[in-house]
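There are 2 protein chains.
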Amino acid sequence: MGHSKKHRGMKSSTGWDVPPPEALRAPAGFDLAAFDRHSTPGWSHGRGKAEKLVAHHAGELSDLQERLFAEGRSGGSRSVLLVLQGMDTAGKGGIVRHVVGLVDPQGVAHRSFGVPTPEEARHHYLWRVRRSLPRPGYIGVFDRSHYEDVLVVRVDELVPKKEWEKRYDEINRFEERLVESGTSIVKVALLVSPEEQKKRLLERLDRPDKYWKYNPGDVDTREKWPAYQEAYQAVLDRTNTEAAPWHAVPADRKWFARLAVSELLLDALRRLDLGWPPADFDVDAERERLRAT
Amino acid sequence: MGHSKKHRGMKSSTGWDVPPPEALRAPAGFDLAAFDRHSTPGWSHGRGKAEKLVAHHAGELSDLQERLFAEGRSGGSRSVLLVLQGMDTAGKGGIVRHVVGLVDPQGVAHRSFGVPTPEEARHHYLWRVRRSLPRPGYIGVFDRSHYEDVLVVRVDELVPKKEWEKRYDEINRFEERLVESGTSIVKVALLVSPEEQKKRLLERLDRPDKYWKYNPGDVDTREKWPAYQEAYQAVLDRTNTEAAPWHAVPADRKWFARLAVSELLLDALRRLDLGWPPADFDVDAERERLRAT
Numbered sequence: 001m002g003h004s005k006k007h008r009g010m011k012s013s014t015g016w017d018v019p020p021p022e023a024l025r026a027p028a029g030f031d032l033a034a035f036d037r038h039s040t041p042g043w044s045h046g047r048g049k050a051e052k053l054v055a056h057h058a059g060e061l062s063d064l065q066e067r068l069f070a071e072g073r074s075g076g077s078r079s080v081l082l083v084l085q086g087m088d089t090a091g092k093g094g095i096v097r098h099v100v101g102l103v104d105p106q107g108v109a110h111r112s113f114g115v116p117t118p119e120e121a122r123h124h125y126l127w128r129v130r131r132s133l134p135r136p137g138y139i140g141v142f143d144r145s146h147y148e149d150v151l152v153v154r155v156d157e158l159v160p161k162k163e164w165e166k167r168y169d170e171i172n173r174f175e176e177r178l179v180e181s182g183t184s185i186v187k188v189a190l191l192v193s194p195e196e197q198k199k200r201l202l203e204r205l206d207r208p209d210k211y212w213k214y215n216p217g218d219v220d221t222r223e224k225w226p227a228y229q230e231a232y233q234a235v236l237d238r239t240n241t242e243a244a245p246w247h248a249v250p251a252d253r254k255w256f257a258r259l260a261v262s263e264l265l266l267d268a269l270r271r272l273d274l275g276w277p278p279a280d281f282d283v284d285a286e287r288e289r290l291r292a293t
Numbered sequence: 001m002g003h004s005k006k007h008r009g010m011k012s013s014t015g016w017d018v019p020p021p022e023a024l025r026a027p028a029g030f031d032l033a034a035f036d037r038h039s040t041p042g043w044s045h046g047r048g049k050a051e052k053l054v055a056h057h058a059g060e061l062s063d064l065q066e067r068l069f070a071e072g073r074s075g076g077s078r079s080v081l082l083v084l085q086g087m088d089t090a091g092k093g094g095i096v097r098h099v100v101g102l103v104d105p106q107g108v109a110h111r112s113f114g115v116p117t118p119e120e121a122r123h124h125y126l127w128r129v130r131r132s133l134p135r136p137g138y139i140g141v142f143d144r145s146h147y148e149d150v151l152v153v154r155v156d157e158l159v160p161k162k163e164w165e166k167r168y169d170e171i172n173r174f175e176e177r178l179v180e181s182g183t184s185i186v187k188v189a190l191l192v193s194p195e196e197q198k199k200r201l202l203e204r205l206d207r208p209d210k211y212w213k214y215n216p217g218d219v220d221t222r223e224k225w226p227a228y229q230e231a232y233q234a235v236l237d238r239t240n241t242e243a244a245p246w247h248a249v250p251a252d253r254k255w256f257a258r259l260a261v262s263e264l265l266l267d268a269l270r271r272l273d274l275g276w277p278p279a280d281f282d283v284d285a286e287r288e289r290l291r292a293t
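Line by line, the protein sequences give chains U and W. According to the UniProt record's numbering, the stretch in the first sequence is residues 1 to 293, in order. According to the UniProt record's numbering, the stretch in the second sequence is residues 1 to 293, in order.
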């Protein structure tokens with residue numbers, strides 16, 4: 001399948017000093033404690049230019065999503081899975097709304113993972129994840145994911161250490177098999193600073209239209225910040241694989257996080273080199289049949 | 001819950017000669033054969049103004065969708081279900097992309113109904129519909145629906161007449177109960193003319209980026225046009241209830257159909273008079289707890 005000429009010229013995302021997947025990929029030995037959550041790696045412009053670039057990406061994202069969908073409807077097996085992880089207020093919802101919202105909702109399979117339901121809890125922790133994977137042609141979006149099974153589960157000791165210890169390798173194998181079967185996984189850790197989180201939580205308490213987003217439990221979770229950072233560090237150390245690498249996205253500036261994720265999603269779609277499925281029928285014959293009706 | 005002042009002034013949708021829900025509602029005794037599928041009932045302006053109005057609605061649609069979602073997360077039981085029915089090329093997909101796509105994908109539950117899977121076929125025809133209903137707080141979108149069980153099923157005699165004959169009343173009762181339990185149902189028949197359908201199908205054959213949307217079976221279905229119109233007439237006669245009325249939307253002009261559905265969705269959301277859920281915690285106490293972290 002040929003790649004459309006239309007997009008060739010757009011391959012380099014103008015404005016970046018370094019190609020975004022490179023600027024954002026968590027390197028081996030990534031040190032979470034030293035990471036500046038207010039920074040904008042690879043990007044030296046401001047908010048205005050970032051927002052323009054996201055808006056500019058809308059057309060190409062939509063086009064590539066439709067090609068992926070068309071391929072899925074024509075017997076293809078590929079899909080894309082965006083995994084969003086982050087502490088409360090890191091901006092996962094805003095990413096879905098403002099970045100994923102740029103493409104046709106018909107081609108998106110969105111799933112948020114909360115406390116397991118009683119049915120989910122009766123199964124292996126990957127059971128609900130497997131059931132939520134994007135079908136061929138879809139862009140799946142996980143708002144939280146199987147990583148909670150080595151994050152909140154580890155911090156709150158919901159299963160014994162010897163249980164969660166096994167999960168890192170298990171997750172790596174699971175993701176590797178997923179990639180082999182045609183799913184491109186884009187893993188994003190949205191990293192917000194504790195100061196910014198406090199500001200965002202306080203804002204929810206100041207605005208009656210935000211009360212519903214506030215949960216007193218968020219303060220309890222916040223009090224376990226160091227334990228969560230340790231758990232995130234372990235995730236980044238132990239599940240940052242070739243098949244499914246982690247991206248570390250500073251999340252203190254929402255506009256940067258949105259730009260970053262739009263670039264990562266776009267990059268994953270561009271790599272698929274998506275064409276349009278050829279006709280599996282005789283075009284001229286069909287034209288004749290149709291004209292006769 | 002109070003209705004936000006912000007939207008009071010927007011309640012009348014400027015530009016319409018008649019309020020759209022009134023202009024579009026299928027009246028008792030609706031005559032499908034006499035319906036002009038190229039018309040724009042209630043709207044005497046052109047495409048430009050229609051597209052501007054749809055874009056203008058985006059903000060209010062988003063805001064109301066978020067209120068509905070917030071309510072659902074706070075113990076509310078209400079939801080909205082948009083049912084889209086129409087012949088091939090009527091523009092159901094375009095409505096989802098361009099109208100439903102205006103709101104946060106996190107709050108949308110989209111489902112398209114095709115030929116039942118073997119598992120679905122083993123159950124009552126409403127089984128897969130019940131499983132796909134929007135949860136509280138969501139906007140559900142059905143691209144085709146349980147109405148196929150009295151449309152294609154009737155036309156192709158997939159079950160005996162005495163079976164499908166019972167379904168109209170059964171569907172009415174089903175929808176009535178749904179409405180009682182808090183789901184606002186917006187039923188839309190997208191009515192495209194046979195000439196326009198031919199044009200749109202031929203276009204799919206002229207454009208390699210549209211081949212994937214073409215299915216030789218569409219011509220077979222097209223050859224059964226009169227039987228389908230009869231089946232649609234029966235649907236409009238027998239399931240046009242107080243609880244869940246039908247809207248007849250001329251679909252030959254895509255821009256009009258999109259405007260029409262955006263208005264109907266907006267109207268359904270406005271009728272819910274959605275506020276913001278009050279805090280179920282002590283705001284000042286939480287602020288203190290948070291400040292101490």
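Using N, Cα and C, we set each Cβ at its ideal position, and we do this for glycine too. Computed from a predicted model, the values in this text were never measured in an experiment.
Item checked: Proximal residues to residue 205(U) (C-beta, below 7 Å), its chain only, five neighbours per side dropped -> If we look at residue 205(U) and ignore the five residues flanking it on each side, its Cβ neighbours are 214.
Next item on the list: Step through the CB atoms of chain W and report whether any lies within less than 8 Å of the CB of residue 163(U).
Entry: Residue 163(U) does not count as touching chain W.
Margin query: By alpha-carbon positions, which one of 91(U), 61(U), 94(U) and 89(U) ends up nearest to residue 80(U)?
Written below: That would be 61(U), whose Cα lies nearest to the Cα of residue 80(U).
Checklist line | Test item: CB-CB of residue 68(W) and residue 269(W) under 8 Å | finding: In this structure, residue 269(W) lies closer than 8 Å to residue 68(W) by Cβ.
Next item on the list: Can you give me, in chain order, the residues of the region 95-106 of chain W that have a beta carbon less than 7 Å from any beta carbon in chain U?
Entry: Per Cβ criterion, the list reads 96, 97, 100, 101, 104, 105 and 106.
Notebook entry, point to check: Excluding sequence positions up to five away, which residues of its chain have a Cβ less than 7 Å from the Cβ of residue 4(U)?
Noted result: In this predicted model, residue 4(U) has a pLDDT of only 42, less than 50, meaning its place in the structure is not dependable; the value taken from the coordinates is given anyway. Excluding positions up to five away in sequence, the list is empty.
Notebook entry, point to check: So is residue 243(U) in contact with chain W if we call contact Cβ pairs under 8 Å?
Noted result: For residue 243(U), not one C-beta of chain W is nearer than 8 Å to its own C-beta.
Note to self: Please state the DSSP three-state secondary structure of residue 86(W).
What the structure shows: Correct three-state label for residue 86(W): strand.
Checklist line | For residue 220(W), the three-state DSSP class (helix, strand or coil) | finding: Collapsing the DSSP output to three states places residue 220(W) in a helix.
Next item on the list: Give the residues from the region 122-154 of chain U that approach chain W closer than 9 Å (Cβ to any Cβ), ordered along the chain.
Entry: Residues 141 and 143.
Notebook entry, point to check: Can you pull the DSSP bridge partners for residue 250(U)?
Noted result: Its beta-bridge partners are 191(U).
Margin query: Given 7 Å as the limit, tell me if residue 243(U) has its C-beta closer than that to any heavy atom belonging to the ligand GTP.
Written below: The ligand GTP is not part of this structure, which contains no ligands at all.
Notebook entry, point to check: Quick one, are the C-beta atoms of residue 299(W) and residue 164(W) less than 8 Å apart?
Noted result: Shown here, chain W extends from 1 to 293; a query on residue 299(W) therefore has no answer.
Notebook entry, point to check: Can residue 40(W) and residue 245(W) be called in contact, C-beta distance under 8 Å?
Noted result: Result no, Cβ atoms of residue 40(W) and residue 245(W) do not sit closer than 8 Å.
Note to self: Please state the DSSP three-state secondary structure of residue 129(U).
What the structure shows: When secondary structure is reduced to three states using DSSP, residue 129(U) falls in the helix class.
Check: Is there contact here, the region 185-203 of chain U with the region 217-231 of chain U, by at least three beta-carbon pairs under 8 Å?
Finding: Contact holds: three or more Cβ-Cβ distances are below 8 Å.
Checklist line | Chain-ordered neighbours of residue 73(U) on chain W, where CB pairs are closer than 9 Å | finding: Under the 9 Å cutoff, chain W gives 212 and 213.
Notebook entry, point to check: How long is the line joining the alpha carbons of residue 199(U) and residue 23(W), rounded to whole angstroms?
Noted result: So the alpha carbons of these two residues sit roughly 48 Å apart.
Next item on the list: Write down every uninterrupted run of the beta strand (DSSP E) in the region 143-221 of chain W whose length is 3 residues or greater and which is fully enclosed by it, in chain order.
Entry: Within the region 143-221 of chain W, the complete beta strand (DSSP E) runs of at least 3 residues are 183-191.
Note to self: Between which two residues does the alpha helix (DSSP H) holding residue 110(U) run?
What the structure shows: Run containing residue 110(U): none in the alpha helix (DSSP H); it sits in the beta strand (DSSP E), 108-112.
Item checked: Contact check, residue 266(U) vs residue 57(U), beta carbons under 8 Å -> By the CB criterion at 8 Å, residue 266(U) and residue 57(U) fall inside the cutoff.
Margin query: Residues of chain W with CB closer than 9 Å to the CB of residue 287(U), please, in chain order.
Written below: What residue 287(U) touches in chain W: 202, 205 and 206.
Check: Rounded to whole angstroms, how far is the Cβ of residue 139(W) from the Cβ of residue 103(W), which I believe are closer than 8 Å?
Finding: That pair is a contact at about 7 Å.
Notebook entry, point to check: For residue 182(W), which residues of its own chain have a beta-carbon under 6 Å away from its beta-carbon, when the five flanking residues on both sides are left out?
Noted result: Cβ within range, chain order: 77 and 78.
Notebook entry, point to check: residue 138(U) lies in the alpha helix (DSSP H); which residues open and close that run?
Noted result: No alpha helix (DSSP H) holds residue 138(U); DSSP gives it neither H nor E.
Check: So what does DSSP say about residue 64(U), is it helix, strand or coil?
Finding: When DSSP states are grouped into helix, strand and coil, residue 64(U) belongs to the helix group.
Next item on the list: Could you pull out every residue in the same chain whose Cβ sits closer than 8 Å to the Cβ of residue 235(W), ignoring the five residues on either side in sequence?
Entry: So the list reads 85, 147, 150, 151, 168, 189 and 246, once near-sequence residues are dropped.
Next item on the list: Could you tell me the distance, in whole angstroms, from the CA atom of residue 108(W) to the CA atom of residue 284(U)?
Entry: If you take the alpha carbons of residue 108(W) and residue 284(U), they lie about 39 Å apart.
Item checked: residue 276(U), DSSP secondary structure in three states -> Looking at residue 276(U) - three-state DSSP - the assignment turns out to be coil, as it is neither helix nor strand.
Item checked: For residue 99(W), the three-state DSSP class (helix, strand or coil) -> Taken through DSSP and simplified to helix, strand or coil, residue 99(W) comes out as coil.
Item checked: residue 36(U) - DSSP class collapsed to helix/strand/coil -> In this structure, residue 36(U) counts as coil in the three-state DSSP scheme.
Checklist line | Interface residues of chain W facing residue 219(U) [CB-CB closer than 8 Å] | finding: By Cβ distance, chain W contributes 286, 289, 290 and 293.
Next item on the list: Please check if any C-beta of chain W sits within less than 8 Å of the C-beta of residue 54(U).
Entry: It does not; no Cβ of chain W falls within 8 Å.
Check: Is any beta-carbon of chain U found at less than 8 Å from that of residue 11(W)?
Finding: Summary for residue 11(W): the model assigns pLDDT 45, below 50, so the residue's position carries little reliability, and this model does not support an answer.
Notebook entry, point to check: Which one of 177(W), 70(W), 212(W) and 43(W) has the shortest CA to CA distance from residue 278(W)?
Noted result: Comparing alpha-carbon positions, the option among 177(W), 70(W), 212(W) and 43(W) lying closest to residue 278(W) turns out to be 70(W).
Check: Should residue 6(W) be flagged as near chain U, meaning a C-beta pair shorter than 8 Å?
Finding: With a pLDDT of only 45 at residue 6(W), under 50, the local geometry of the prediction cannot be trusted, and the value read off the model is given with reservation. Chain U contact via Cβ: absent.
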